[in-house]
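Engineer: What follows is a structure written as structure tokens; I'll ask about it next.
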Amino acid sequence: MKKLSEFSDDELIRRIVSSGDTTAFGELYDRYAQLVYAKCRNFVSQSDEVDDLVQDIFVGIYVKLKSFRGDSKFSTWLYSFTYNHCVNHYNREVKKKRIEVNLEQVYEGVAGVEDEISDDEIFSLATDKLKMSLQQIEPADKVVLLMKYQDDMSVREMSLMLEVGESAVKMRLHRAKKKIVEIYNSL
């Protein structure tokens, strides 16, 4: 008899959906908990808050697993689920704190930003200062930068993950690069 660790993600999902097998879900959790934790860590800095997000995400995954159609890999679906949950969490926190930032005014007020920001310039930014800069940009901008530079995704992969066209991904990436450089230079 096969061990759960030898099952594919799809086989585990079928077991979970058909019989509510929590042991099989535990195996899925073990496979992906670190990945989910790392993604959540990009949105919040306090480890107890990250732990809460990870727990909420896996509870949501368990509840919504029946809706996974298998059109994409489970890891892709999980990544999207995690991203959406983190963005929603961030937006709720912003509303709670009643922080209102008008990015258009900030964007218009910054002078001297080059039209094209090269990948080399992004890579040359000091890590600590870059982390501080990442904490100050909108989640949607942060995600495209992390997908590109941390996860090393191609524009095509990002397009599939975000469910938008490749030109939209390129535009988002361009804008996010400009914003991160502006924030970085202001620190």
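Under the UniProt record's numbering, the first residue of the sequence shown is numbered 1, with each subsequent residue one higher. Ideal Cβ placement from N, Cα and C applies to all residues, glycine included.
For residue 39 and residue 49, I'd like the C-alpha separation in whole angstroms.
Structural biologist: Reading the sequence shown from its first residue, position 39 is the one you call residue 39. Reading the sequence shown from its first residue, position 49 is the one you call residue 49. When rounded, the distance between both Cα atoms is 13 Å.
Engineer: What are the boundary residues of the alpha helix (DSSP H) that includes residue 157?
Structural biologist: For the purposes of this step, residue 157 is identified with residue 157 of the sequence shown, where counting begins at 1. It spans 155-162 - the alpha helix (DSSP H) in which residue 157 sits, taken as one unbroken run.
Engineer: Would residue 55 count as contacting chain C if we go by Cβ distances under 9 Å?
Structural biologist: You won't find chain C in this structure, because it holds only one protein chain.
Engineer: Could you give the DSSP three-state label for residue 114: helix, strand or coil?
Structural biologist: For the purposes of this step, residue 114 is taken as residue 114 along the sequence shown, with counting starting at 1. Below a pLDDT of 50, predicted positions are generally treated as unreliable, and residue 114, at 44, falls in that range; the measurement from the model is reported next regardless. Residue state, collapsed to three classes: coil.
Engineer: Taking a contact to mean a Cβ-Cβ separation below 9 Å, would you say residue 255 touches residue 159 in this structure?
Structural biologist: Residue 255 is absent from the model: the chain starts at 1 and stops at 187.
Engineer: Near residue 33, what residues of its chain come up, given a Cβ to Cβ distance below 8 Å and the 5 sequence neighbours on each side ignored?
Structural biologist: Here residue 33 refers to the residue found at position 33 when the sequence shown is read from its first residue. Correct list, in chain order: 54, 58.
Engineer: Give the C-beta separation of residue 79 and residue 139 to the nearest angstrom, bearing in mind that I take them to be a contact with Cβ-Cβ under 8 Å.
Structural biologist: Along the sequence shown, read from residue 1 onward, the residue named residue 79 stands at position 79. Along the sequence shown, read from residue 1 onward, the residue named residue 139 stands at position 139. No, residue 79 and residue 139 are not in contact; Cβ-Cβ is about 14 Å, not under 8 Å.
Engineer: Does the distance from the C-beta atom of residue 166 to that of residue 156 stay below 9 Å?
Structural biologist: Sequence index remark: in the sequence shown, residue 166 carries index 166 (1-based). Sequence index remark: in the sequence shown, residue 156 carries index 156 (1-based). In contact: residue 166 and residue 156 (Cβ atoms closer than 9 Å).
Engineer: Residue 147 by DSSP, collapsed to three states: which one?
Structural biologist: To locate residue 147, count along the sequence shown from 1; it is residue 147. Helix.
Engineer: To which residues of the same chain is residue 7 closer than 8 Å at the C-beta, ignoring the five residues directly before and after it?
Structural biologist: For the purposes of this step, residue 7 is identified with residue 7 of the sequence shown, where counting begins at 1. For residue 7, where only same-chain residues beyond five positions count, the Cβ hits under 8 Å are 15, 24, 27.
Engineer: Check residue 240 in the structure and name its three-state DSSP category.
Structural biologist: This structure leaves residue 240 out entirely; the chain is present only between 1 and 187.
Engineer: Can you tell me which of the three DSSP states residue 172 falls into?
Structural biologist: Residue mapping note: residue 172 aligns to position 172 of the sequence shown, counting from 1. The answer is helix: DSSP assigns residue 172 an H, G or I state.
Engineer: If you draw a straight line from the C-alpha of residue 180 to the C-alpha of residue 134, how long is it?
Structural biologist: Looking up residue 180 in the sequence shown gives position 180. Looking up residue 134 in the sequence shown gives position 134. Their Cα atoms are separated by approximately 7 Å.
Engineer: Please go through the same chain and pick out, in chain order, the residues whose beta-carbon is closer than 7 Å to the beta-carbon of residue 41, but skip the five residues on each side of it.
Structural biologist: Counted from its first residue, the sequence shown places residue 41 at position 41. Counting only Cβ-Cβ distances below 7 Å, and skipping sequence neighbours, we find 50.
Engineer: Cα separation between residue 92 and residue 44?
Structural biologist: Start at 1 with the first residue of the sequence shown, and residue 92 comes out as number 92. Start at 1 with the first residue of the sequence shown, and residue 44 comes out as number 44. Taking the straight line joining both Cα atoms gives about 13 Å.
Engineer: With respect to the alpha helix (DSSP H) encompassing residue 30, which residues constitute its N-terminal and C-terminal limits?
Structural biologist: Numbered from its first residue, the sequence shown carries residue 30 at position 30. It spans 22-41 - the alpha helix (DSSP H) in which residue 30 sits, taken as one unbroken run.
Engineer: I need the straight-line Cα distance from residue 187 to residue 177, nearest angstrom please.
Structural biologist: Working through the sequence shown from its first residue, we reach residue 187 at position 187. Working through the sequence shown from its first residue, we reach residue 177 at position 177. Those two C-alpha atoms are separated by around 16 Å.
Engineer: Does DSSP put residue 2 in a helix, a strand or coil?
Structural biologist: Start at 1 with the first residue of the sequence shown, and residue 2 comes out as number 2. Residue 2 falls in the coil class under three-state DSSP.
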